[in-house]
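What follows is a single structure, written as structure tokens, with notes after it.
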Amino acid sequence: MNDDRKIIIFDTTLRDGEQSPGGSMNQAEKLRIATQLEALGVDVIEAGFPAASEGDYKAVKAIAETLKKTQIAALCRANEQDIRRGWDAVKDAVNPRIHTFIATSELHMKYKLQMEPAQVLKQAVESVKLAASFTKNVEFSAEDGSRSDRDFLCTVFESVIDAGATTINLPDTVGYAIPEEFGELVKYVMENTSNIDKAVLSVHCHNDLGLATSNTLTAIKNGARQVEVTINGIGERAGNTALEEVVMSLATRPNFFPHTTGIDTTRIYPTSRLVSMITGILVQPNHAIVGANAFAHEAGIHQDGMLKNPMTYEIMKPETVGINKNSLVLGKHSGRHALNAHIQTMGYNLSEDELKVVFKKFKNLADKKKIIQDEDIEALINEGVLRSSEVFSLEYIHVLSGNTVFPTASIQLNINGRPVQGATAGSGPIDAVYNIISKLTGTKSELLRFTISALTEGTDAQGEVTVRLKEDGVTALGKGTDPDIITAAALAYINGLNRLEYLKTNPPKEQAPL
């Protein structure tokens with residue numbers, strides 16, 4: 000059904016990736032990421048799980064109506080209500096896809112579904128038939144496929160293909176599979192599903208044992224032609240297969256993988272940064288391809304080799320994945336045109352109004368920091384553009400602290416446009432700031448995590464603070480940046496509170512288990 004060399008990239012950052020603890024996004028943020036994913040060149044974007052909540056439905060619908068060329072998929076359980084809701088959300092896409100699923104492992108059928116195999120098969124077929132009545136682009140997933148009986152799995156796949164499925168997905172839902180084992184399973188499905196030539200075989204691997212990318216690559220070697228991935232490998236529990244790892248493995252080892260993708264690899268790093276900024280989920284420094292240390296060489300023998308020939312210790316060039324090596328220096332005398340030109344080289348296209356906001360923040364930062372680096376600019380874009388309207392915003396902050404005084408904080412916030420102010424003390428300056436913010440906002444969130452890092456080198460670097468908050472059983476991440484670390488901490492806390500407010504008004508009914 001497809002070019003045997005082409006690997007279809009199915010990105011589920013906006014669905015499975017959002018299921019990372021605290022990683023929920025609002026509609027504007029999802030739309031921004033979806034636009035970037037389309038520019039990156041992914042073939043299919045799984046925009047969400049429309050039946051999960053009204054907010055998810057609206058976000059999927061907005062993405063489907065906005066994007067110009069990418070297939071947009073909606074995830075649906077194998078029931079009529081989900082499928083009709085999913086179709087309503089994606090029907091206006093250029094190429095809409097319904098992705099429906101049901102569990103096929105004995106463990107899931109017996110204890111979760113409490114259904115017999117024959118009942119599961121019947122429901123799978125009926126659901127695919129309903130989906131196929133809306134669109135010819137139908138995907139079916141066998142949840143917990145890697146732990147399913149092989150022959151039953153093939154029977155289900157054969158039946159749903161006859162019912163109209165054009166893609167069948169084999170998920171390693173709980174990250175249990177070992178590469179050799181998973182490769183053999185893929186091969187078995189390819190050889191024992193009689194009508195497999197009428198569909199594309201896809202795989203969806205989780206990283207619970209750290210084997211998601213290995214399992215995915217082994218699946219490709221054995222016949223899979225679609226891979227389901229996320230940016231930075233984010234996802235529930237230990238995450239999903241990382242898009243950047245699979246794509247660059249294929250690109251770097253063409254002698255081993257004679258396959259192609261439609262990905263513009265120079266957009267990988269900007270997309271990684273965008274997802275990290277919006278979700279607040281940090282990329283670990285040693286993460287392959289996009290981590291801060293991925294192209295760093297500290298050992299003397301490595302540095303010597305790099306000077307003589309970069310290929311001695313680099314198997315790919317940083318520029319290949321979009322790590323900007325532009326030597327343009329930006330500072331307080333740089334104009335709007337220079338800033339915009341540099342922002343475009345980083346992979347962002349801002350409107351005139353957005354550029355106006357970012358340029359104003361850029362000038363304010365340039366008064367405090369001599370040289371502005373890419374990480375600084377990305378932080379400004381995040382603060383000025385990517386955040387939509389907020390319930391809480393910071394007007395000013397004043398903190399008194401030291402080893403001879405009792406720490407106190409005075410703050411003015413805007414709450415739904417109304418200014419409120421107050422002051423209180425704490426065991427330290429950040430504790431004081433958080434005490435007064437909590438009091439003014441009337442929130443009772445629990446601070447689960449507080450992390451500080453520097454965006455760049457130097458004593459004038461912007462501080463980046465990430466917090467994880469929990470309230471009423473809901474968890475959200477917050478992120479803030481500023482040259483003043485106390486201000487950055489306040490911004491992170493306020494950002495986290497805004498995310499909690501969004502989740503309170505758009506509560507997810509149920510997460511998808513794939």
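Sequential numbering of the sequence shown, starting at 0, is according to numbering that gives the first Met the number 0. By construction, the Cβ of each residue, glycine as well, lies at the ideal position given by its N, Cα and C atoms. Treat the numbers as computed from the prediction; the structure is a model and nothing was measured.
query, result
"Residues near Val419 in its chain [Cβ-Cβ closer than 6 Å; skip 5 each side]", "Leu412 and Leu439"
"Sheet register partners of Lys478 (DSSP bridge)", "Thr465"
"Counterpart residues of Gln225 in DSSP-defined beta bridges", "Ile7 and Ser201"
"As assigned by DSSP and simplified to three states, the class of Tyr175", "coil"
"Inter-stretch contact at 8 Å, needing at least 3 Cβ pairs: the stretch 485-502 / the stretch 392-405", "yes"
"Reduced DSSP category for Ile280 - H, G, I as helix; E, B as strand; rest coil", "coil"
"Segment contact, 8 Å Cβ cut-off, at least three pairs: the stretch 33-43 with the stretch 63-75", "yes"
"Gly441 vs Tyr433 beta-carbon contact at 9 Å", "no"
"Reference Lys360, options Met345, Gly334, Thr344 and Tyr56, closest by Cα", "Gly334"
"For Gln225 and Ser248, believed in contact at Cβ under 8 Å, the rounded distance", "Not a contact, Cβ separation roughly 16 Å."
"Alpha-carbon spacing of Ile485 relative to Val188, whole angstroms", "56 Å"
"DSSP state of Gly495 mapped onto helix, strand, coil", "helix"
"Residues near Asn381 in its chain [Cβ-Cβ closer than 8 Å; skip 5 each side]", "Met276, Ile277, Lys478 and Thr480"
"C-alpha distance - Val274 paired with Pro253, whole-angstrom precision", "28 Å"
"C-alpha gap between Pro512 and Arg146, whole angstroms", "15 Å"
"DSSP beta-bridge partners of Val473", "Glu470"
"Cβ shell of Leu184 (< 6 Å), same chain only, five flanking positions each side left out", "none"
"Residue from Ser193, Ala287 and Glu351 with nearest C-alpha to Asn231", "Ala287"
"Residues of its chain near Ala218, where Cβ-Cβ distance is below 7 Å and the 5 sequence neighbours each way are ignored", "Phe181, Gly182, Val185 and Val202"
"Pair within 9 Å by beta-carbon distance, Lys29 and Glu17", "yes"
"Residue of Thr192, Asp196 and Leu502 minimising C-alpha distance to Leu468", "Leu502"
"Candidates Lys331, Ile414 and Asp42, of which the one nearest Asp366 by Cα", "Lys331"
"Exposed unless 16 or more other CB atoms sit within 10 angstroms - verdict on Gln302", "At Gln302, the pLDDT of 45 sits below 50, so the modelled position is not reliable and the matter cannot be decided from this model."
"With 16 other Cβ atoms within 10 Å as the buried cut-off, status of Gly427", "exposed"
"Extent of the continuous beta strand (DSSP E) run through Ser409", "Thr407 to Ile414"
"Length of the line joining the Cα atoms of Glu190 and Asp150", "11 Å"
"Assigned exposure category for Tyr268 - 16 Cβ within 10 Å defines buried", "buried"
"Environment of Ile300 [buried if 16+ CB atoms lie within 10 Å]", "Here the model assigns Ile300 a pLDDT of 46, short of 50, so the residue's position is not dependable, and the following value carries that caveat. Under this definition Ile300 is an exposed residue."
"Cβ separation of Ser126 and Thr166, assumed to be a contact under 8 Å, to the nearest whole Å", "So it is not a contact: roughly 14 Å between Cβ atoms."
"One or two residues paired with Val419 in a DSSP bridge", "Leu412"
"Nearest-angstrom beta carbon gap, Val357 and Gly383 [assumed within contact, 8 Å]", "5 Å"
"Cβ pair count under 8 Å reaching 3, the stretch 108-120 against the stretch 86-100", "no"
"9 Å Cβ cutoff met for Glu45 and Leu13", "yes"
"Opening and closing residue of the beta strand (DSSP E) in which Pro116 lies", "Note, Pro116: premise wrong, no beta strand (DSSP E); alpha helix (DSSP H) at Pro116 to Ala131."
"Residue(s) in a DSSP beta bridge with Val43", "Phe9 and Gln70"
"Ala431 beta carbon less than 9 Å from that of Ala408", "yes"
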